[in-house]
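Numbering (the numbering used here), first residue to last: 41 to 493.
Encoded as structure tokens, the structure appears first; notes follow it.
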Amino acid sequence: MRKVTIIGGGGLRSPLLLYGLAQANGSLHIGEVVLFDIDQVRTEQIARLGRTILKQVGNGFKIRTTSDLENAADGADFVINSVRVGGMAARARDERIAIKHGLAGQETTGPGGAAMALRTIPVTLSHATVVESVAPKTWFINFTNPAGLITQALLSQTGLRVIGICDTPAELFHRIAAGLGREYRDLSFQYAGLNHLGWIREVKLRGENITAAILRDSALLRTLYSSDLFDPALIETLELIPTEYLFFYYSQRKAYENEVRAEASRGEELDRLNQRLFEQLRTENGSRALAAYREYLMRRNASYMKLEGEARSAFGVEQQECDPFETATGYHRIALDVMKALVSDDAREIVVNVANRESVLGLEPDDVVEVPCDVDRTGARARPVGQLPESVRGLVQCVKAYERTIIRASLCRSRALARLAMLEYPIVGQWELAGELLDALCASDPEGLGYLK
Numbered sequence: 041m042r043k044v045t046i047i048g049g050g051g052l053r054s055p056l057l058l059y060g061l062a063q064a065n066g067s068l069h070i071g072e073v074v075l076f077d078i079d080q081v082r083t084e085q086i087a088r089l090g091r092t093i094l095k096q097v098g099n100g101f102k103i104r105t106t107s108d109l110e111n112a113a114d115g116a117d118f119v120i121n122s123v124r125v126g127g128m129a130a131r132a133r134d135e136r137i138a139i140k141h142g143l144a145g146q147e148t149t150g151p152g153g154a155a156m157a158l159r160t161i162p163v164t165l166s167h168a169t170v171v172e173s174v175a176p177k178t179w180f181i182n183f184t185n186p187a188g189l190i191t192q193a194l195l196s197q198t199g200l201r202v203i204g205i206c207d208t209p210a211e212l213f214h215r216i217a218a219g220l221g222r223e224y225r226d227l228s229f230q231y232a233g234l235n236h237l238g239w240i241r242e243v244k245l246r247g248e249n250i251t252a253a254i255l256r257d258s259a260l261l262r263t264l265y266s267s268d269l270f271d272p273a274l275i276e277t278l279e280l281i282p283t284e285y286l287f288f289y290y291s292q293r294k295a296y297e298n299e300v301r302a303e304a305s306r307g308e309e310l311d312r313l314n315q316r317l318f319e320q321l322r323t324e325n326g327s328r329a330l331a332a333y334r335e336y337l338m339r340r341n342a343s344y345m346k347l348e349g350e351a352r353s354a355f356g357v358e359q360q361e362c363d364p365f366e367t368a369t370g371y372h373r374i375a376l377d378v379m380k381a382l383v384s385d386d387a388r389e390i391v392v393n394v395a396n397r398e399s400v401l402g403l404e405p406d407d408v409v410e411v412p413c414d415v416d417r418t419g420a421r422a423r424p425v426g427q428l429p430e431s432v433r434g435l436v437q438c439v440k441a442y443e444r445t446i447i448r449a450s451l452c453r454s455r456a457l458a459r460l461a462m463l464e465y466p467i468v469g470q471w472e473l474a475g476e477l478l479d480a481l482c483a484s485d486p487e488g489l490g491y492l493k
């Protein structure tokens, strides 16, 4: 029987993941899942919720909690990295600082993404060192954001077998299928980019290229996102279908203005939602705790990108009606797809974050890219992509330069390099602003960012 370790097991993704693992246990053969977290009170709450889920799903396994990473990871077949250093409160502070400086506050892009990377890299590499010492052959699946950047840091500094995952590409694929009224299995997609910076270049329906028809269909294009993010004319002109996070590059001012109008950032609202849920989990057990968690997920999912795209609060939107446990996409779904592929001899095509090698021309071989890969028990092999279109090539190269420099800044503990990284980053791109942002971010989080000198 296999062992799975979740680093950051006290996080709110864990119950969904436990549900998915139980559903897939016929092929994964899991005997134990260990939740590792420094917050044992929260982790026990999550474990209780997980055990309630397992009673309903069946195909169970043992759930154990610990704050000892060596014990948690020892002999693990899979280690899932899902940490948020500093908690949601740190994200909320980062986003508020960005807004005060005239930029959109967001978790993985802009100043918020830089701060998140800088406080996360040292902790993740420390965890990885422990994992490598007790489970050197494990598959290390990285959920932790910024997912591509953290995956690159792990691949460059450890000998672990690392695959980075994100549900954004698959979510867009499924939305296109739904918008077309077609079965997902009848469609194929050409996709390329970096994590949270990717585009669909081609869509085929049973082998027929239908990309041009999609690009001309303004009504369809408006259904592809959870909020009204992109002018259809932009997508038609690009001749590419962007993932939702391109909104923070193509419409940075709009995102900022909507946050100002809403008098909140997504992180601030999620911090409130999370606190409310954990208070409920403190007093509720069994089916009542599961109902509270399901309600939380429905509100969180229904409000996704609504604040940045439309200035609508998570506390004002209607909850989504579909069961969040049964959706076709989500982090738990892509994680399970990858895990099932990694124990199979039959390769599956999955979009994941891996070393580029020779997939995307114009990037370094060890740059992590988000591209379709053939995944089986030997690992994930990036499919050839070639040259990116000129309209997006420069943006990708600039963002990758920023990612390389932010990793160097963390490894060298260098505030000067962190400022240079922000200068390289298109969303910031100004020396004085980079300095002001870095000063404010470091002052707000001496524990997480005070190591930069």
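Where is the CB? At the ideal position from N, CA and C, for every residue including glycine.
Residue i (DSSP reduced to helix, strand or coil)
i           : result
residue 55  : helix
residue 401 : strand
residue 413 : strand
residue 113 : helix
residue 436 : helix
residue 251 : helix
residue 341 : helix
residue 233 : strand
residue 325 : coil
residue 493 : coil
residue 198 : coil
residue 42  : strand
residue 176 : coil
Residue environment, residue i, which counts as buried when at least 16 other CB atoms sit within 10 Å
i           : result
residue 470 : exposed
residue 418 : exposed
residue 41  : exposed
residue 346 : buried
residue 206 : buried
residue 440 : buried
residue 490 : exposed
residue 405 : exposed
residue 293 : exposed
residue 115 : exposed
residue 78  : exposed
residue 117 : buried
residue 109 : buried
residue 430 : exposed
residue 55  : buried
residue 171 : buried
residue 122 : buried
Separation of residue j from residue i, as counted between CA atoms
i           : j           : result
residue 423 : residue 328 : 46 Å
residue 352 : residue 173 : 47 Å
residue 277 : residue 261 : 13 Å
residue 119 : residue 43  : 9 Å
residue 446 : residue 150 : 12 Å
residue 68  : residue 57  : 13 Å
residue 224 : residue 214 : 6 Å
residue 104 : residue 165 : 24 Å
residue 252 : residue 280 : 10 Å
residue 409 : residue 162 : 21 Å
residue 211 : residue 254 : 17 Å
residue 75  : residue 274 : 44 Å
residue 339 : residue 381 : 32 Å
residue 130 : residue 438 : 26 Å
residue 245 : residue 226 : 6 Å
residue 250 : residue 218 : 15 Å
residue 403 : residue 319 : 46 Å
residue 241 : residue 201 : 29 Å
residue 178 : residue 302 : 44 Å
residue 45  : residue 52  : 15 Å
Given residue i as reference, the closest of the options once Cα atoms are compared
i           : options            : result
residue 70  : 386, 274, 379      : 379
residue 300 : 57, 50, 144        : 144
residue 228 : 484, 320, 247      : 247
residue 259 : 477, 220, 242, 476 : 220
residue 463 : 454, 442, 481      : 442
residue 208 : 477, 452, 371      : 371
residue 184 : 47, 384, 427, 401  : 47
residue 376 : 49, 62, 191, 51    : 62
residue 158 : 473, 449, 493      : 449
residue 265 : 344, 222, 64, 364  : 344
residue 124 : 415, 242, 311      : 311
residue 367 : 349, 348, 342      : 342
residue 96  : 60, 128, 235       : 60
residue 186 : 199, 152, 398, 198 : 152
Supposed close pair residue i, residue j - CB separation, criterion 8 Å
i           : j           : result
residue 72  : residue 102 : 5 Å
residue 216 : residue 181 : With a Cβ gap of about 26 Å, residue 216 and residue 181 do not count as contacting.
residue 413 : residue 436 : Not quite, the Cβ-Cβ distance comes to about 18 Å (not below 8 Å), so this is no contact.
residue 137 : residue 484 : 6 Å
Contact test: residue i Cβ vs the ligand FAD heavy atom, cutoff 7 Å
i          : result
residue 93 : The ligand FAD is absent from the structure shown, which contains no ligands of any kind.
Any C-beta of chain E under 8 Å from that of residue i
i           : result
residue 160 : Protein chain content of the structure displayed is limited to a single chain, and chain E is not contained in it.
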